[in-house]
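Asks: Under this note's numbering, the residue at position 8 of the sequence shown is numbered 30, and the numbers go up by one with no gaps.
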Amino acid sequence: MRYLSFSQIFLLFLSYSLIGWFSEVVYCSSIQKRFINRGFLKGPICPVYGFGGLLVMSILEPLSSTWIPLFFLSMLVTSALEYVTSWILEKLFDTKWWDYSHYKFNIKGRVCLLNSTLFGLMGMLASHFVQPLLIKLVTWIQEPLITYIAIGLALILSVDFIFTVRKLVNFSTYLAKLEEFSETLKTYFVKEAWFNSSLSFDEILKSLKEQTKQKSDEVTANIMKRIESFKNAQKKTISFINNFPTMTSKRYKSQLEQLRKLLKH
């Protein structure tokens with residue numbers, strides 16, 4: 023890649039992030055037949071595409087005039103980035119945010135041949151058609167204006183990132199508390215005649231509501247209060263399930279299934 027200032031590179035990063043977000047939204051929304059705001063951030067960007075675009079444009083610049091070699095190496099570079107990103111997010115939050123296990127030729131559900139092929143095509147087309155236009159754009163904007171623009175967008179992105187990380191942590195904490203609460207319910211009501219250990223969390227809640235109509239005690243009342251607090255918290259966490267419909271988790275499998283049921287109602 024030709025010499026560019028940090029501000030110019032940052033604007034390229036945001037441009038690829040925006041293009042990636044738009045591509046994800048169109049692709050995933052067409053499959054789900056409803057609008058899906060793909061991406062962790064509130065803003066219309068997917069940073070992984072920004073990093074992928076910069077990697078392809080810098081590492082594979084010597085191949086920018088080719089087609090077939092550029093296609094296959096774009097597949098390799100972007101798939102490696104997607105795999106590493108998936109692994110890091112899973113380790114941090116005990117959740118696999120996308121899962122390609124139902125696709126043929128996948129590697130641990132993190133990457134699959136179909137998406138890798140699409141990434142290869144995007145990298146090839148971006149190198150030949152998109153990159154030259156973006157370079158002209160960022161080099162056309164003069165200093166100090168481009169620096170001011172970059173700083174302003176960086177501040178917005180930073181705020182968005184901080185709030186998103188908080189939401190991710192809260193989401194993981196919510197799943198952990200939901201798991202703990204499920205076990206508490208089973209422990210407390212295991213000796214009740216109406217209770218069955220094979221009941222799902224949703225079924226336990228329905229049975230519990232019926233019981234509270236017949237009798238009332240302090241423990242049951244406290245449990246019902248916790249149930250209401252979980253319902254309120256669901257509104258803040260449910261968007262992640264909606265935006266990442268293939269999300270899976272070995273640890274919180276039943277909790278994710280419960281949240282998906284709520285989405286259908």
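Don't be surprised by glycine CBs; every beta carbon is placed ideally from N, CA and C.
Closer than 6 Å by C-beta to residue 270: which residues in its own chain qualify, once you throw out the five before and the five after it? Chain order, please.
Replies: The sequence position of residue 270 within the sequence shown is 248, counting from 1. 118, 121, listed in sequence order.
Asks: Excluding sequence positions up to five away, which residues of its chain have a Cβ less than 6 Å from the Cβ of residue 75?
Replies: To locate residue 75, count along the sequence shown from 1; it is residue 53. Hits under 6 Å: 38.
Asks: If you check the beta carbons only, do residue 94 and residue 143 fall under 8 Å apart?
Replies: The sequence position of residue 94 within the sequence shown is 72, counting from 1. The sequence position of residue 143 within the sequence shown is 121, counting from 1. No; because the gap between Cβ atoms is not below 8 Å, this pair is not in contact.
Asks: With 16 as the cutoff for other CB atoms within 10 Å, does residue 176 come out buried or exposed?
Replies: For the purposes of this step, residue 176 is taken as the residue at position 154 of the sequence shown. Classification of residue 176: exposed, given that the 10 Å Cβ count is below 16.
Asks: If you check the beta carbons only, do residue 194 and residue 115 fall under 8 Å apart?
Replies: Taking the first residue of the sequence shown as position 1, residue 194 is located at position 172. Taking the first residue of the sequence shown as position 1, residue 115 is located at position 93. Going by C-beta atoms, residue 194 is nearer than 8 Å to residue 115.
Asks: Cα-Cα, which of 156, 99, 67, 53 is closest to residue 141?
Replies: Taking the sequence shown and counting its residues from 1, the one referred to as residue 141 is at position 119. It is 99 whose Cα lies nearest to the Cα of residue 141.
Asks: Could you tell me whether the segment 44 to 54 touches the segment 177 to 186, where touching means 3 or more Cβ pairs closer than 8 Å?
Replies: Counting Cβ pairs under 8 Å, fewer than three are found: no touch.
Asks: Could you please give me the residues that DSSP links to residue 118 through a beta bridge?
Replies: Here the question's residue 118 lines up with position 96 in the sequence shown. Answer is 270, bridged to residue 118.
Asks: Kindly identify the DSSP beta-bridge partner or partners of residue 134.
Replies: Here the question's residue 134 lines up with position 112 in the sequence shown. According to DSSP, which records beta bridges pairwise, residue 134 is partnered with 128.
Asks: Let me make sure I understand the geometry here. Which of 129, 28, 108 has the alpha-carbon closest to that of residue 61?
Replies: In the sequence shown, counting from the first residue as 1, residue 61 sits at position 39. Nearest C-alpha to residue 61: 108.
Asks: One question on the structure: do residue 40 and residue 77 come within less than 8 Å of each other, judged by their Cβ atoms?
Replies: The residue labelled residue 40 in the question sits at position 18 within the sequence shown. The residue labelled residue 77 in the question sits at position 55 within the sequence shown. No, the pair does not count as a contact, with Cβ atoms beyond the cut-off.
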